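Engineer: Submitted below is the structure of interest, expressed as structure tokens.
In the numbering used here, the protein residues as written are 56 to 477.
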């Protein structure tokens, strides 16, 4: 029996962009411990020590009762610590405050998002193009809601105003909108008065906003001396009434992706629904790691870690983007946040002037990237057309260390500027 022949009863499940490119790289000899590879496709930040950051956790104590299941909604003390952090960072002086009952802990970001998707009703759910690759299967597998795409234009720097939002909600009959902020892959950030108006529009028009804020500490603009973090939590008036659901976790902003400790913060009624969905979807996360996460939620720890992230990742962004521009990659905007640069390769030499061709050629140089077509979120492949609007784009990660970025740039330089065959 060939590997391609399907097994009775099962469908082919597509891989997300990062998993696809990593799988293809493994065929070429890649492994995460292979020092000679440059993984600019990775969806995680460097996880080692950073100057100015708190020391990395190296040991986790497991108590006897930690061998038991954790509550599906998460350990109460962790939920309480998360709520307290949001109140300190975003809701100082507000009458309405988050509590542990406004928090639902999950075993990973996808688990949090899956719980939310399973809790949606028979509604129209808007999503942007481009956006996070894993949304595609997530928006297809649950049939209760209808996914409605909203195209963002590179010529506008992927801008989308509150007025645009109101028009889409009213014109398309949206009851919910899912988005990453800052955006993976473009790095576009909605913040300040713009974000405040977004939340006001959702409140006025009764449309739930589901904010994926996993990169909300990777912000490269803001007032000097201010902690560079952004969350829609700052603009919620009533934590139990405003239709705003926030997703975050240790994965990116604390640089502990392997812990698989994440959360959703929102109205208690929604949190109850997420916990109910979790009871049949995943059963809850790791109890020992949830307990170990509690000290990491202290305000002092978060400030130190975020400032270290801000310093290091800004340097990496400011190195990688100009270097890629020098090689002929064009950027619609320099990323405001995340650790990704979203660039067009349309002006590169033939064979390198589309995302998949660039990916394949770079792979031969032991450099991994992610073709832009993976971010053309198309649930169920309902939109016609074989060619993606983003086929000329590539996502470059500056999650790896600076030496890896420097090595990758040198290899891409040699690839792009190699002499044409005679």
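Yeah, the Cβ is synthetic: ideal placement off N, Cα and C, and Gly gets one too. Remember, predicted model here, so these are calculated numbers, not experimental data.
#1: Rounded to a whole number of angstroms, what is the C-alpha to C-alpha distance between residue 56 and residue 62?
#2: Quick check on residue 304: does DSSP put it in helix, strand or coil?
#3: Could you check where the alpha helix (DSSP H) with residue 190 kicks off and where it finishes?
#4: From 140, 286, 196, pick the residue whose C-alpha is nearest to that of residue 69; which is it?
#5: If you check the beta carbons only, do residue 432 and residue 168 fall under 9 Å apart?
#6: Give the C-beta separation of residue 392 and residue 213 to the nearest angstrom, bearing in mind that I take them to be a contact with Cβ-Cβ under 8 Å.
#7: Can residue 194 and residue 234 be called in contact, C-beta distance under 9 Å?
#8: Can you tell me whether DSSP reads residue 75 as helix, strand or coil?
#9: Got a sec, what are the start and stop residues for the alpha helix (DSSP H) residue 142 sits in?
#10: With a Cβ-Cβ cutoff of 9 Å, do residue 187 and residue 342 count as a contact?
#11: Would residue 89 be called buried (16 or more neighbouring beta carbons within 10 Å of its own) or exposed?
#12: Kindly indicate which three-state DSSP category residue 89 falls into: helix, strand or coil?
#13: Excluding the 5 residues flanking residue 74 on each side, which residues of the same chain have their C-beta closer than 7 Å to its C-beta?
#14: Is residue 187 helix, strand or coil by DSSP?
#15: Let me know if residue 370 comes out buried or exposed under the rule of 16 or more other beta-carbons within 10 Å of its beta-carbon.
#16: Hey, which unbroken runs of the alpha helix (DSSP H) at 4 residues or more fall wholly within the region 372-435?
#17: How far does the beta strand (DSSP E) with residue 335 in it extend, from its first residue to its last?
#18: Please determine whether the Cβ atom of residue 453 lies at a distance below 8 Å from any heavy atom of the ligand FMN.
#19: Can you give me the Cβ contacts of residue 142 inside the same chain, cut-off strictly under 6 Å, excluding the 5 residues immediately before and after it?
#20: Apply the 10 Å Cβ neighbour rule to residue 215 and answer buried if 16 or more other Cβ atoms are within range, or exposed otherwise.
#21: Okay, do the region 440-449 and the region 408-423 touch, 3+ Cβ pairs below 8 Å being the bar?
#22: Once the 5 residues before and after residue 223 are set aside, which same chain residues still bring their CB inside 7 Å of it?
#23: Would you mind sorting residue 515 into buried or exposed? The rule is 16 or more other CB atoms within 10 Å of its CB.
#24: By alpha-carbon positions, which one of 111, 100, 291 ends up nearest to residue 265?
#25: Output needed for residue 354: all residues of its chain with C-beta closer than 8 Å, excluding positions within five of it in sequence on either side, in chain order.
#26: Could you pull the DSSP bridge partners for residue 448 from this structure?
#27: State buried or exposed for residue 376, treating a residue as buried only when at least 16 other CB atoms are found within 10 Å of its CB.
#28: Would residue 311 and residue 178 qualify as a contact pair, given that the criterion is a beta-carbon distance under 9 Å?
#29: Do residue 315 and residue 340 have their C-beta atoms within less than 9 Å of each other?
#30: When the Cα atoms are used, what is the spatial distance from residue 403 to residue 77?
#31: Helix or strand or just coil, what does DSSP make of residue 56?
#32: Taking the continuous beta strand (DSSP E) assigned at residue 319, which residues delimit it?
#33: Can you round the beta-carbon distance between residue 174 and residue 329 to whole angstroms, since I take them to be within the 8 Å contact cut?
#34: Measure the C-alpha to C-alpha separation of residue 462 and residue 93 and round it to an integer number of angstroms.
#35: Can you give the Cα-Cα distance for residue 363 and residue 107, rounded to whole angstroms?
#36: If you drop the 5 nearest sequence neighbours on each side, which residues of the same chain put their C-beta closer than 7 Å to that of residue 282?
Structural biologist: In short:
#1: In this prediction, residue 56 has a pLDDT of 36, which is less than 50 and means its spatial position is unreliable; nothing more can be read from the coordinates.
#2: strand
#3: 190-196
#4: 196
#5: Not in contact: residue 432 and residue 168 (Cβ atoms no closer than 9 Å).
#6: For residue 392 against residue 213, the beta-carbon gap comes to about 12 Å, at or over 8 Å, which does not count as contact.
#7: no
#8: If DSSP states are grouped into helix, strand and coil, residue 75 belongs with the helices.
#9: 131-145
#10: no
#11: Exposed, since its Cβ has fewer than 16 Cβ neighbours within 10 Å.
#12: Residue 89 sits in coil when the DSSP states are folded into three classes, being neither helix nor strand.
#13: none
#14: coil
#15: exposed
#16: 410-419
#17: Run containing residue 335: none in the beta strand (DSSP E); it sits in the alpha helix (DSSP H), 323-336.
#18: Of the ligands one can find in the structure shown there are none, so the ligand FMN has no counterpart to examine.
#19: Here the set comprises 152, 153.
#20: buried
#21: Verdict: yes, contact present.
#22: These residues qualify, in order along the chain: 181, 205, 229.
#23: For residue 515 there is no data in the structure shown, the boundaries of the chain being 56 and 477.
#24: 291
#25: Answer for residue 354: 140, 143, 144, listed in chain order.
#26: Checking the DSSP bridge columns, you'll see residue 448 partnered with 399.
#27: buried
#28: no
#29: yes
#30: Their backbone Cα atoms lie some 24 Å apart in a straight line.
#31: Low confidence applies to residue 56: its pLDDT is 36, below 50, so where it sits in the model is not reliable, and the reading given next is rough at best. The three-state secondary structure of residue 56, taken from DSSP, is coil.
#32: 317-320
#33: 6 Å
#34: About 7 Å.
#35: 5 Å
#36: 358, 361
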